[in-house]
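Visitor: As they're listed, the protein sequences go chains W and G.
Residue numbers for the first sequence follow this note's numbering, beginning at 617 and rising by one.
Residue numbers for the second sequence follow this note's numbering, beginning at 53 and rising by one.
By construction, the Cβ of each residue, glycine as well, lies at the ideal position given by its N, Cα and C atoms.
Keep in mind that this is a model prediction, so the values were computed, not measured.
Okay, handing you the structure first.
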Amino acid sequence: MGISRRVFVKSGGLALFSLGLDPLFLERAAFASYRPLPSTTALYRPVLVCLFQRGAVDGLNMVVPHGDPIYYRERPRIAVPEKDVVDLDGYFGLHPQLAALKPLWDNKSLAVVHAIGSPDSSRSHFDAQDYMESGTPGLKATPDGWLNRYCQHDREHEDTPFRAVAFGPQLPRILAGSAPSLAIDDLQAFGLRAPRQDGRDRLTRAFEELYAGSATGLLSASSAEAFEAVQLLKQVNPEQYQPGNGADYPRGRFGRAMMQIAQLIKANAGLQVAFTDVTGWDTHVNQGSSEGQLAARLAEFGHTLAAFAQDLGEKMRDVVVLTMSEFGRTVRENGNSGTDHGHATAMLVLGGPVNGGRVLGKWPGLDPAQRFEGRDVAVTTDFRDLFGEILARHLGATDLSAIFPAVTPDPARFPGAVRA
Amino acid sequence: MKDRVLRYLLGVSGAACVVGAQHAAPLHVARGAPSQFVARASAPAADAERALTSARTPRDSALHALNRLAYGPRPGDIDRVAALGVMKWIDRQLKPDKIDDGLLAARERRFTILDYDRGQLARLYVEVQRERRERKRDAGAAMDSTLREQRGRRMAGDFQELAVVRAALSERQLYEVMVDFWTNHFNVFFGKGADRFLMPDYVEHTIRPRALGKFEDLLIATAKSPAMMFYLDNWQSVAPGASPQSPLSASRRGGQGVRPPMPRGINENYARELLELHTLGVDGGYTQEDVINVARIFTGWSIEPPRQGGDFQFHDWAHDTGEKQVLGVTFPAGHGMDEGVRLLKMLANNPATMHHVSRKLCQRFVNDEPPDGCVDDAVAAWRRSRGDVREVLHAIFHGPDFWAPQNARAKVKTPLEFVVSALRAVRADPDTTPRLAQVVARLGEPLYLHVAPDGYPEREDAWVNSGALLDRMNAGVALAAGTLPGVTVSLDSLIPATGDAEQLILQVNDKILGGTMTDNTKQVIRRQTSDISDLLAARALAVGLAIGGPEFQRQ
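Right under this line is the structure:
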């Protein structure tokens, strides 16, 4: 099991414990007070899934500006040939290994925000990831992450054990902070461990009695919540999960994480924000074009996203998937048929509430004079404007200044990724 | 139980406030009045000890001291400390040089990471980086890591494990606690570029030799440490417009390693964290102007390239030699590295620093929300001793707040404290594999891997959450069952297997929980073991429930 550091200051959630473990009740308690947003159903349960492409994905080969001759001039060995690009709007197109996402573009549930990134010029993976997760570019001492700050400030959504979950061995920076959040490596291993089910039940009961009778303060509240989560998960029954609609997730950690996120969403376990990350984007050497290193990563990425959408089916109407990466890569290929650390990149926004079928953001152009420091795609959309838009329009966040304190995202600058 | 509460309450009203080894006014006066009004008359130390700890039995006092100054008691420790006298034990812990630690020294020799100096680690790092580049060039990203790379990774794991082993086995417990404290106060992230090879040197040669010395010396040492200079980017901070005589080799890429793009000016990161976290504190009365001027003072504090060993290096050419003002003090033009040292000494002895760091120490040793009186005592000792950490700690341990009943068991153990105290409670023998460090990581505290410069927090809300609690329970059960990887446990010599449930509960309460087991826990263990005929299984369950249960999470 890999659960860690769920940092937590408990307030409204306590009431759940005394009322038993009826999942229907939990569903109601978790969402009844939520301000309904435009939706086809009365009970709108918005979910945000954030995916971090760690290592700085090459936005130019992920969403290719195939209409720009400079792109081909600067990348003689690694450009995606025009004939392979999955055209989107005549100017931009998807990498061929992302073809699985084309139907989502066509049904208007996939949008691309291009030339997006951080106002900070750091080309250090470490610093740039840190800033994108803290939501405060240039400020290292920010103790918490922006997803956690959202959870701290949105008190309308009552806390459930699975409100904010990161899939991975450690709680990432983006979810660190005082609001409840959970890191889960594997849903199947969540809870007390024993070789047999009766042993597990016995340990669970014993510890539940110990903590119910002797724990005080935060230990008491957190343990009660832990056992509630274990019970809830037992009903979800992760061992028996079959993806819906014949969805077939690629093997590997990323596919598994996305499948477990889908599982929690479908179980109505109260999941509101989920996070996971996927590595392998730091393509300094032999990046490849239509095939090769980056293509292989994109294939896994695209097929996983497509499987996730297929698995969720109708439920996707409540879900927004947001991809992010710390920065983009140089416009010009380097001497090793790769690309070096750059500035702006592209992010994908996927889901029912998405204003899809469009490449959003102001395209700065690839001419050297239009580039950042003469070498990188310039940032025309501050990532906080996109993140802020999704929090406000999808999750109903009312106070963005508390979540992004330095520069409050202004609706006038929202790229328009979510239907208003 | 009721009696004990009563005794505590009676004890408080009769207790005296003792600062250092001096007698002072009654507690309620000290609480309500600023500390300068507290009368200080001398009294023999024995009186002081009686007055301070009168609210507790000697065993209670010993348990409290072992929970806070140490990583919890080993079997027999409570009696030993109680017999010696808790204050005497504390004073011994304050002089770690006089405590024999031969067992740990022998164990440390098994950790080969300690055989490598920084230069050797730097060369290994450079080699691994080169191999990785070549590997990518030859075959894309999909190849297995090289032997050298695996060795590097293993050594990083060994180094984390070493922290767990030292905490568990050292007789110099307070010293190890302080090493952990300062490692967090002066946090460096092990995973950032060159810090992957600089970290061991930082802990061994910057933090450990100064953990119980003068704060000023430690502060200056961290400022001159390549690990800190790299972590907070100061190594690339140069006076605007300055450039070296022979230009650095042009950057091939702006990666994490020491392959700089040409430095373009001052970098404020270190300056800001120095003021906010290391010294004055966030409300310490400095301005953004001060941050910029501090950054100017530290321009040129840098490191040599890894292939040359990665040592600290001052670059004259990069230093801003203009005049600066910091906190209203003028640093005249024309100075070099000396003005940085002058600034560090000034900051180390600033009242805001005394208060900020003293408060953190009180948070560590007394309460997540430390009482003002305790902080005041620590600050007074700081001022008297010019920042002698030993004196500051002495003041805290001899103050009434440290012993106040409401502060006993008021803190929740951090993951490191939980794991190490569990190892100690069952006298477990850790091996040199990184597996126990991995348990600590799973509970939320991967050692040396806190990304942000504020270090791991001292507050319980950072650690207590449903997922981590379940993992603590699992770790407790596994340790008791002998299935926790990386450690050997033999309960036989500690708690004899017995069919007598009351005897079992008595033993577990005494040996594992230091007598703090609640009636509820006794009942649960009684009930849960009643139908288990296998005596070993019943014992393992009882011990596992005790370690994973609520009493053991507190200190």
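Can you list, in chain order, the residues of its chain whose CB lies under 7 Å from that of Glu356 (chain G), leaving out five sequence neighbours each side?
Guide: By 1-based counting over the second sequence, the position of residue 356 (chain G) is 304. When the five nearest sequence neighbours on each side are left out, the beta carbons in the same chain lying within less than 7 Å of the beta carbon of Glu356 (chain G) are those of Gly362, Asp363, Gln365, in order along the chain.
Visitor: Quick one: is Ser289 (chain G) near chain W, going by C-beta distance under 9 Å?
Guide: Reading the second sequence from its first residue, position 237 is the one you call residue 289 (chain G). Not an interface residue.
Visitor: Please go through the same chain and pick out, in chain order, the residues whose beta-carbon is closer than 8 Å to the beta-carbon of His237 (chain G), but skip the five residues on each side of it.
Guide: The sequence position of residue 237 (chain G) within the second sequence is 185, counting from 1. Cβ neighbours of His237 (chain G) beyond the five flanking positions: Leu329, His330, Val409, Lys412, Gly507.
Visitor: Quick check: the Cα distance between Asp285 (chain G) and Ala592 (chain G), rounded to an integer number of angstroms?
Guide: The residue you call residue 285 (chain G) lines up with position 233 of the second sequence. The residue you call residue 592 (chain G) lines up with position 540 of the second sequence. The alpha-carbon atoms of Asp285 (chain G) and Ala592 (chain G) are separated by roughly 50 Å.
Visitor: Rounded to the nearest angstrom, what separates Cys414 (chain G) and Gly973 (chain W) at their Cα positions?
Guide: Taking the first residue of the second sequence as 1, we reach residue 414 (chain G) at position 362. Taking the first residue of the first sequence as 1, we reach residue 973 (chain W) at position 357. So the two alpha carbons sit approximately 57 Å from each other.
Visitor: Strictly below 7 Å CB to CB, what residues from chain G border Glu930 (chain W)?
Guide: Walking along the first sequence from the start, residue 930 (chain W) turns up at place 314. Chain G residues near Glu930 (chain W): none, gap ~30 Å exceeds 7 Å.
Visitor: Between the Cα of Ala1022 (chain W) and the Cα atoms of W:Gly829, W:Gly754, W:His711, which residue gives the shortest distance?
Guide: Along the first sequence, read from residue 1 onward, the residue named residue 1022 (chain W) stands at position 406. Minimum Cα distance to Ala1022 (chain W) is reached at W:Gly754.
Visitor: Would you list the one or two residues that DSSP bridges to Phe364 (chain G)?
Guide: Along the second sequence, read from residue 1 onward, the residue named residue 364 (chain G) stands at position 312. G:Ile355, per the DSSP bridge assignment.
Visitor: If Ser953 (chain W) sits next to Asn902 (chain W), beta carbons under 8 Å apart, how far is it from one beta carbon to the other, in whole angstroms?
Guide: In the first sequence, counting from the first residue as 1, residue 953 (chain W) sits at position 337. In the first sequence, counting from the first residue as 1, residue 902 (chain W) sits at position 286. Indeed they touch by this definition, with Cβ atoms about 5 Å apart.
Visitor: Return helix, strand or coil for Val889 (chain W), following the three-state DSSP convention.
Guide: By 1-based counting over the first sequence, the position of residue 889 (chain W) is 273. Three-state DSSP puts Val889 (chain W) in a strand.
Visitor: Are any of the Cβ atoms in chain W nearer than 9 Å to that of Leu300 (chain G)?
Guide: Taking the first residue of the second sequence as position 1, residue 300 (chain G) is located at position 248. Legend: pLDDT at Leu300 (chain G) = 49, less than 50; position of this residue unreliable, value from coordinates given subsequently. Leu300 (chain G) does not count as touching chain W.
Visitor: On a CA-only basis, which of G:Arg218, G:Arg175, G:Arg205 is nearest Gly154 (chain G)? Give me that one, please.
Guide: Taking the second sequence and counting its residues from 1, the one referred to as residue 154 (chain G) is at position 102. It is G:Arg218.
Visitor: Measure the Cβ-Cβ separation of Gln876 (chain W) and Phe999 (chain W) and say whether it is below 9 Å.
Guide: Taking the first residue of the first sequence as position 1, residue 876 (chain W) is located at position 260. Taking the first residue of the first sequence as position 1, residue 999 (chain W) is located at position 383. With respect to the 9 Å criterion, Gln876 (chain W) and Phe999 (chain W) are not classified as neighbours on the basis of their beta carbons.
Visitor: Label Thr820 (chain W) either buried or exposed according to how many other C-beta atoms from any shown protein chain fall within 10 Å of its C-beta, with 16 as the threshold for buried.
Guide: In the first sequence, residue 820 (chain W) corresponds to position 204, counting from 1. Answer is buried; the Cβ neighbour count reaches 16.
Visitor: Quick one: using the 10 Å Cβ neighbour count with 16 as the cut-off for buried, is Asp893 (chain W) buried or exposed?
Guide: For the purposes of this step, residue 893 (chain W) is identified with residue 277 of the first sequence, where counting begins at 1. Asp893 (chain W) is buried by the Cβ-count criterion.
Visitor: Less than 8 Å between the CB atoms is what I'm expecting for Ala433 (chain G) and Ala456 (chain G), so what's the real figure, rounded?
Guide: Within the second sequence, the letter at position 381 stands for residue 433 (chain G). Within the second sequence, the letter at position 404 stands for residue 456 (chain G). A Cβ-Cβ separation of about 18 Å leaves Ala433 (chain G) out of contact with Ala456 (chain G) under the 8 Å criterion.
Visitor: Which term fits Asp705 (chain W), buried or exposed, when burial requires 16 or more other beta carbons within 10 angstroms of its beta carbon?
Guide: Translated into the one-based positions of the first sequence, residue 705 (chain W) becomes position 89. Exposed is the call here.
Visitor: According to the Cβ coordinates, are Thr939 (chain W) and Gln669 (chain W) closer than 9 Å?
Guide: Start at 1 with the first residue of the first sequence, and residue 939 (chain W) comes out as number 323. Start at 1 with the first residue of the first sequence, and residue 669 (chain W) comes out as number 53. Remark: C-beta atoms of Thr939 (chain W) and Gln669 (chain W) approach each other more closely than 9 Å.
Visitor: For a contact defined as C-beta to C-beta under 8 Å, what are the partners of Gly245 (chain G) on chain W?
Guide: As a working note, residue 245 (chain G) is residue 193 in the second sequence. Neighbours of Gly245 (chain G) on chain W, chain order: Ser740, Phe742.
Visitor: Let me check one thing: in DSSP terms, what residues is Cys666 (chain W) bridge-paired to?
Guide: Position 50 of the first sequence, counted from the start, is the residue given in the question as residue 666 (chain W). DSSP, once it has assigned bridges, lists W:Phe891, W:Leu938 as partnering Cys666 (chain W).
Visitor: Give me the subset of the segment 493-506 of chain G whose CB atoms are less than 9 Å from a CB atom of chain W, sorted by chain position.
Guide: Ala493, Arg494, Leu495, Gly496, Glu497, Pro498, Leu501, Val503, Ala504, Pro505, Asp506
Visitor: Taking just the CA atoms, how far does Phe1020 (chain W) sit from Glu183 (chain G)?
Guide: The sequence position of residue 183 (chain G) within the second sequence is 131, counting from 1. The sequence position of residue 1020 (chain W) within the first sequence is 404, counting from 1. Roughly 41 Å separates the two Cα atoms.
Visitor: Are any of the Cβ atoms in chain W nearer than 9 Å to that of Ser473 (chain G)?
Guide: Position 421 of the second sequence, counting from 1, holds the residue named residue 473 (chain G). By this cut-off, Ser473 (chain G) is not an interface position.
Visitor: Taking only the alpha-carbon atoms, compute the straight-line gap between Thr776 (chain W) and Ala890 (chain W) and give it to the nearest angstrom.
Guide: As a working mapping, residue 776 (chain W) is identified with position 160 in the first sequence. As a working mapping, residue 890 (chain W) is identified with position 274 in the first sequence. Rounded to the nearest angstrom, the two C-alpha atoms are 13 Å apart.
Visitor: When burial is assigned at 16 or more other CB atoms within 10 Å of the CB, is Ala91 (chain G) buried or exposed?
Guide: The sequence position of residue 91 (chain G) within the second sequence is 39, counting from 1. For Ala91 (chain G), the predicted structure reports a pLDDT of 35, less than 50, and the residue's modelled location is therefore unreliable. The matter cannot be settled from this model.
Visitor: Using 8 Å as the Cβ pair cut-off and three pairs as the minimum, do the segment 804-811 of chain W and the segment 550-560 of chain G touch?
Guide: no
Visitor: Please list, in chain order, the chain G residues whose beta carbon lies closer than 7 Å to that of Ile1019 (chain W).
Guide: Taking the first residue of the first sequence as position 1, residue 1019 (chain W) is located at position 403. Here the premise fails: no neighbours, minimum Cβ distance about 18 Å.
Visitor: Can you pull the chain G neighbours of Ile800 (chain W), defined as C-beta to C-beta under 9 Å?
Guide: One-based indexing of the first sequence puts residue 800 (chain W) at position 184. Simply Gly519.
Visitor: At 8 Å on the CB atoms, spell out the chain W contacts of Thr570 (chain G), in chain order.
Guide: To locate residue 570 (chain G), count along the second sequence from 1; it is residue 518. Close partners of Thr570 (chain G) in chain W (Cβ separation under 8 Å): Gly829, Ser830.
Visitor: Which whole runs of the alpha helix (DSSP H) in the segment 210-261 of chain G are 4 residues long or more, in chain order?
Guide: 225-237, 247-253
Visitor: Put Ile584 (chain G) into one of helix, strand or coil per three-state DSSP.
Guide: Within the second sequence, the letter at position 532 stands for residue 584 (chain G). Three-state DSSP puts Ile584 (chain G) in coil, outside helix and strand.
Visitor: Comparing the C-beta of Glu690 (chain W) with each C-beta of chain G, is any distance below 9 Å?
Guide: Your numbering for residue 690 (chain W) matches position 74 in the first sequence. Using beta-carbon distances, Glu690 (chain W) does not count as an interface residue toward chain G, since no partner is under 9 Å.
Visitor: At which residues does the beta strand (DSSP E) containing Gly967 (chain W) begin and terminate?
Guide: To locate residue 967 (chain W), count along the first sequence from 1; it is residue 351. Looking at the DSSP string, the run of the beta strand (DSSP E) that includes Gly967 (chain W) is 961-967.
Visitor: Which two residues bound the contiguous beta strand (DSSP E) that contains Ile732 (chain W)?
Guide: For the purposes of this step, residue 732 (chain W) is identified with residue 116 of the first sequence, where counting begins at 1. Ile732 (chain W) -> beta strand (DSSP E) spans 726-733.
Visitor: Is there a Cβ from chain W that is less than 9 Å from the Cβ of Gln4 (chain G)?
Guide: It is not possible to answer for residue 4 (chain G), since the shown part of chain G is limited to 53 through 607.
Visitor: Who does Thr573 (chain G) pair with in a DSSP beta bridge?
Guide: Locating residue 573 (chain G) in the second sequence gives position 521, where the first residue counts as 1. DSSP lists no partner for Thr573 (chain G).
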